[in-house]
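**Q** In order, the protein sequences belong to chains A and B. Per full-length UniProt numbering, residue 1 is the first one in the first sequence, and the count goes up by one each step. Per full-length UniProt numbering, residue 1 is the first one in the second sequence, and the count goes up by one each step. We put the CB at the ideal spot given by N, CA and C, even for glycine.
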Amino acid sequence: MRDETITGETVPVPESGYNFAYLDEGAKRMIRRAILKAVAVPGYQVPFASREMPMPYGWGTGGIQVTASILKPEDTLKVIDQGSDDTTNAVSIRRFFAKTAGVATTEKTEEANIIQTRHRIPEKPLSEDQIIVLQVPIPEPLRWLEPREVETRRMHALSDYGVMHVKLYEDISRHGRITTNYDYPVMVNGRHIMAPSPTPKFDNPKMGNMPALQLFGAGREKRIYAIPPHTEVKSLDFEDHPFSIQAWDEPCALCGAEEVFMDEVILDDQGGSMFVCSDSDFCQRRRDAGHKGPAVEGDDT
Amino acid sequence: MSELLRVENLTKSYGRQRGCTDVSFELWPGEVLAIVGESGSGKTTLLNCCAGRLAPTGGSVVYETRHKGLIDIHGMSEPERRFLMRTDWAFVHQNPRDGLRMNVSAGANVGERLMAVGARNYGNIRNAALDWLSRTEVDPDRIDDLPTTFSGGMQQRLQIARNLVSGPRLVFMDEPTGGLDVSVQARLLDMLRDLVDRLGLSAVVVTHDLAVARMLSTRLMVMQQGRVVETGLTDRVLDDPQHAYTQLLVSSVLQP
Chain A
1 MRDETITGET VPVPESGYNF AYLDEGAKRM IRRAILKAVA VPGYQVPFAS REMPMPYGWG
61 TGGIQVTASI LKPEDTLKVI DQGSDDTTNA VSIRRFFAKT AGVATTEKTE EANIIQTRHR
121 IPEKPLSEDQ IIVLQVPIPE PLRWLEPREV ETRRMHALSD YGVMHVKLYE DISRHGRITT
181 NYDYPVMVNG RHIMAPSPTP KFDNPKMGNM PALQLFGAGR EKRIYAIPPH TEVKSLDFED
241 HPFSIQAWDE PCALCGAEEV FMDEVILDDQ GGSMFVCSDS DFCQRRRDAG HKGPAVEGDD
301 T
Chain B
1 MSELLRVENL TKSYGRQRGC TDVSFELWPG EVLAIVGESG SGKTTLLNCC AGRLAPTGGS
61 VVYETRHKGL IDIHGMSEPE RRFLMRTDWA FVHQNPRDGL RMNVSAGANV GERLMAVGAR
121 NYGNIRNAAL DWLSRTEVDP DRIDDLPTTF SGGMQQRLQI ARNLVSGPRL VFMDEPTGGL
181 DVSVQARLLD MLRDLVDRLG LSAVVVTHDL AVARMLSTRL MVMQQGRVVE TGLTDRVLDD
241 PQHAYTQLLV SSVLQP
């Protein structure tokens, strides 16, 4: 399953005919300026001139442009999609940068200094010398309540955020609890409300006071925003319905880990399924270290 | 005691088109002022300018705020004006669809103003919503239903609940009974009169229906072609109209 040639053992030679990391230097400079502005105003969506990338919108064009702009030849890149290193999107984006930039790639969280991700923040805590880049489909947290862009911008400018709680109220009145499980709105640095992209709310607490820089890129919507290291990020909630993260009843079937984000894997058409870590690197490393989950207990092969 | 709202020489023009010209009036606490006139006479333009929803071309609108005294609302910063509009003021649209969020439940509609000014306790917000629904005669069982499933009269009452929940002192109403059938109109007017009375609200009501003006208002302003042609106590103006246009207006009402 694992593509050994691109996982860091060999450093590929970049393909000729492309500028380093595909984008031209002018575009990268423009994106870097947007990133600097985004870092200076945490949570604020900075418009930028999103470029056409050699893949469709929705496949991570925003994240790729951000990664391309911050990439240096000596960097090591990790790409994950749904927490996994070996899904189609992760493999093709990793291959894209191996080809166009010739940078080293890895699956090991701590070896990478740039991590591009679609949903998850790795289970292993990130450090100050790492940058995590998130791909964002819909950057505007107020869009559900206010379809007009002019009006949402004004609401951000005036910090006029009362309507955000209307959405949470609606959840509780319909389902008895806040059912927003991903893209759960957060208040960044006590000023801007931000959509954490399709990240599950399980990862929201990790965003607060994270030592690593978090960059968010939305290619189709042409917005970049950021959470600088060690910035306060608070998930919105009610006093009597406080924010809580998902929990699973059983440990990971493969590595036995608890209190991690899990995927349900369908095993047969009889309704059988098992829960495994969504972070494939985390799970593999635990299994390598000898941890066993219920599905492989006593199985020595 | 000072006036709650003072409008001086208010003029609004849309290019060469005149919306309203040189309008001045004062509104005192607890007073209900009705503005009547034919279609296109500038009633709604005047109301929008007074309510801070439209910037006037000339003149001023001064409001007696709770803490800072008299302030020109068009000279305020936008955040201040927005805060005022959703706490101290209320605006009831003619079409409830303009004043409601149609894609969230009745409870969320009523609770929105509370949440906007910082209420963060779900239980309290819901109780306030239930209370206001029953005060505006909407069945509290319908709290989790979408306004799209409500009848026109219920939507209008929901809009009123949503506006009054923050305990405003001044209510602007633009044809609050327009588009409703007469029996629903009567009930709505009854309810409005009762609420205005009990809460001691001040209100500016725009209407083309003289009966509404008679029932709700203490004072009446008659507009024609953007200008105020007659003003006075409602009963006086309707029983003894002085201006030719007012006389025409009063005599045009059909008697069943």
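(1) Give me the subset of the region 238-250 of chain A whose CB atoms are less than 7 Å from a CB atom of chain B, sorted by chain position.
(2) By alpha-carbon positions, which one of A:P54, A:Q45, A:I31, A:V41 ends up nearest to Y18 (chain A)?
(3) Is it the case that the CB of N95 (chain B) approaches a heavy atom of the ligand ZN more closely than 7 Å?
(4) Using a Cβ cut-off of 8 Å, pull out every chain B residue sitting near S173 (chain A), in sequence order please.
(5) So, does the CB of A55 (chain B) fall closer than 8 Å to a CB anywhere in chain A?
(6) Expressed to the nearest angstrom, what Euclidean distance is found between the alpha-carbon atoms of I80 (chain A) and P122 (chain A)?
(7) I'd like to confirm the pairing. Which residues does DSSP put opposite F172 (chain B) in its beta bridges?
(8) On the DSSP bridge list, what partners appear for S41 (chain B)?
(9) R142 (chain B) to H93 (chain B), Cα distance in whole Å?
(10) Using a Cβ distance threshold of 8 Å, determine whether the region 90-97 of chain A contacts the region 23-37 of chain A, with at least three qualifying pairs required.
(11) With a Cβ-Cβ cutoff of 8 Å, do I131 (chain A) and I70 (chain A) count as a contact?
(12) Excluding the five sequence neighbours on either side, which residues of its own chain have a C-beta within less than 6 Å of the C-beta of A116 (chain B), listed in chain order?
(13) Going by alpha carbons, who is nearest to Y122 (chain B) out of A:T76, A:H165, A:L213?
(14) To the nearest whole angstrom, what separates the beta carbons of residue 265 (chain B) and V165 (chain B), a pair I think is in contact under 8 Å?
(15) For the beta strand (DSSP E) containing G19 (chain B), list its first residue and its last residue.
(16) Could you round the C-beta distance between residue 342 (chain B) and E137 (chain B) to whole angstroms and report it? I think they count as a contact, below 8 Å.
(17) Please classify G8 (chain A): does DSSP put it in a helix, a strand, or coil?
(18) Which whole runs of the beta strand (DSSP E) in the region 196-256 of chain A are 3 residues long or more, in chain order?
(19) Rounded to whole angstroms, what is the Cα-Cα separation between H119 (chain A) and E151 (chain A)?
(20) Quick one: what's got a C-beta closer than 6 Å to S127 (chain A)'s C-beta in the same chain, skipping five residues either side?
(21) What did DSSP end up calling residue 263 (chain B) once you bin it into helix, strand or coil?
(22) Taking 8 Å as the CB-CB limit, is P79 (chain B) close to chain A?
(23) Verify whether the separation of the beta carbon atoms of A38 (chain A) and A253 (chain A) is less than 8 Å.
(24) Helix, strand or coil for L192 (chain B)? Go by DSSP, reduced to three states.
(25) So, for N9 (chain B): in the same chain, excluding its five sequence neighbours on each side, which residues have a beta-carbon less than 8 Å away from its beta-carbon?
(26) At which residues does the alpha helix (DSSP H) containing K99 (chain A) begin and terminate?
(27) Count Cβ pairs between the region 214-223 of chain A and the region 61-68 of chain A that sit closer than 8 Å; are there 3 or more?
(28) Answer yes or no: does any C-beta atom of chain B fall closer than 8 Å to that of I6 (chain A)?
(29) How about L267 (chain A): is its C-beta nearer than 8 Å to some C-beta of chain D?
(30) Does G153 (chain B) get closer than 8 Å to chain A when you measure Cβ to Cβ?
(31) So, for L133 (chain B): in the same chain, excluding its five sequence neighbours on each side, which residues have a beta-carbon less than 7 Å away from its beta-carbon?
(32) Could you compute how far the alpha carbon of G75 (chain B) sits from the alpha carbon of F172 (chain B)?
(33) Which stretch, first to last residue, makes up the alpha helix (DSSP H) that contains R285 (chain A)?
**A** For this structure:
(1) F238, E239, D240, H241
(2) Here residue 18 (chain A) is taken as the residue at index 18 of the first sequence, counted from 1. It is A:P54.
(3) With respect to the ligand ZN, the structure shown offers nothing to examine, as it has no ligands at all.
(4) For this step, residue 173 (chain A) is matched to residue 173 along the first sequence. Here the neighbours are S105, G107, A108, R126, I143, D144.
(5) As a working mapping, residue 55 (chain B) is identified with position 55 in the second sequence. Chain A contact via Cβ: absent.
(6) Counting from 1 along the first sequence, the entry for residue 80 (chain A) is found at position 80. Counting from 1 along the first sequence, the entry for residue 122 (chain A) is found at position 122. Roughly 9 Å between the two C-alpha positions.
(7) Here residue 172 (chain B) refers to the residue found at position 172 when the second sequence is read from its first residue. B:F91, B:V204, per the DSSP bridge assignment.
(8) As a first step, residue 41 (chain B) is located in the second sequence; it is residue number 41 there, counting from the start. None; S41 (chain B) has no bridge partner.
(9) The sequence position of residue 142 (chain B) within the second sequence is 142, counting from 1. The sequence position of residue 93 (chain B) within the second sequence is 93, counting from 1. About 22 Å.
(10) no
(11) In the first sequence, the residue the question calls residue 131 (chain A) occupies position 131. In the first sequence, the residue the question calls residue 70 (chain A) occupies position 70. Taking 8 Å as the Cβ cut-off, I131 (chain A) and I70 (chain A) qualify as a contacting pair.
(12) In the second sequence, residue 116 (chain B) corresponds to position 116, counting from 1. These residues qualify, in order along the chain: R86.
(13) Position 122 of the second sequence holds residue 122 (chain B). For the residues A:T76, A:H165, A:L213, the minimum Cα distance to Y122 (chain B) belongs to A:H165.
(14) Residue numbering for chain B in the displayed model covers 1 to 256; residue 265 (chain B) lies beyond these limits and cannot be assessed.
(15) Mapped onto the second sequence, residue 19 (chain B) falls at position 19. Start and end: 17-27.
(16) Here chain B has residues from 1 to 256 only, and residue 342 (chain B) is not among them.
(17) Residue mapping note: residue 8 (chain A) aligns to position 8 of the first sequence, counting from 1. Low local confidence applies: a pLDDT of 49 at G8 (chain A) is under 50, so the model's placement there is unreliable, and no value is given.
(18) 213-218, 223-227, 233-235
(19) Counting from one through the first sequence, the residue named residue 119 (chain A) turns up at place 119. Counting from one through the first sequence, the residue named residue 151 (chain A) turns up at place 151. When rounded, the distance between both Cα atoms is 28 Å.
(20) What you label residue 127 (chain A) is simply residue 127 of the first sequence in a count that begins at 1. Around S127 (chain A): P211.
(21) What is shown of chain B runs 1 to 256, which leaves residue 263 (chain B) out entirely.
(22) In the second sequence, residue 79 (chain B) corresponds to position 79, counting from 1. True, the Cβ-Cβ gap to chain A drops below 8 Å.
(23) Residue 38 (chain A) sits at position 38 when you count from the first residue of the first sequence. Residue 253 (chain A) sits at position 253 when you count from the first residue of the first sequence. The answer is no: Cβ separation not under 8 Å.
(24) The residue given as residue 192 (chain B) occupies position 192 in the second sequence. In the structure shown, L192 (chain B) sits in a helix (DSSP, three-state: H, G or I).
(25) As a position in the second sequence, residue 9 (chain B) is number 9, starting the count at 1. These residues qualify, in order along the chain: D22, V23, S24, G58, G59, S60.
(26) The residue given as residue 99 (chain A) occupies position 99 in the first sequence. Run containing K99 (chain A): 88-101, per the alpha helix (DSSP H) assignment.
(27) yes
(28) Sequence index remark: in the first sequence, residue 6 (chain A) carries index 6 (1-based). Because the pLDDT of I6 (chain A) is 49, which lies under 50, any placement of that residue in the model is unreliable, and the number read from its coordinates should be weighed accordingly. Cβ-Cβ to chain B under 8 Å: no for I6 (chain A).
(29) No chain D appears in this structure, whose protein chains are A and B.
(30) As a position in the second sequence, residue 153 (chain B) is number 153, starting the count at 1. By this cut-off, G153 (chain B) is not an interface position.
(31) As a working note, residue 133 (chain B) is residue 133 in the second sequence. Excluding sequence neighbours, L133 (chain B) sits near A106, V110, P140, I143, A161.
(32) Indexing the second sequence from 1 puts residue 75 (chain B) at position 75. Indexing the second sequence from 1 puts residue 172 (chain B) at position 172. Distance between the alpha carbons of G75 (chain B) and F172 (chain B) is about 20 Å.
(33) Along the first sequence, one-based indexing puts residue 285 (chain A) at 285. Counting along the chain, the alpha helix (DSSP H) containing R285 (chain A) begins and ends at 280-288.
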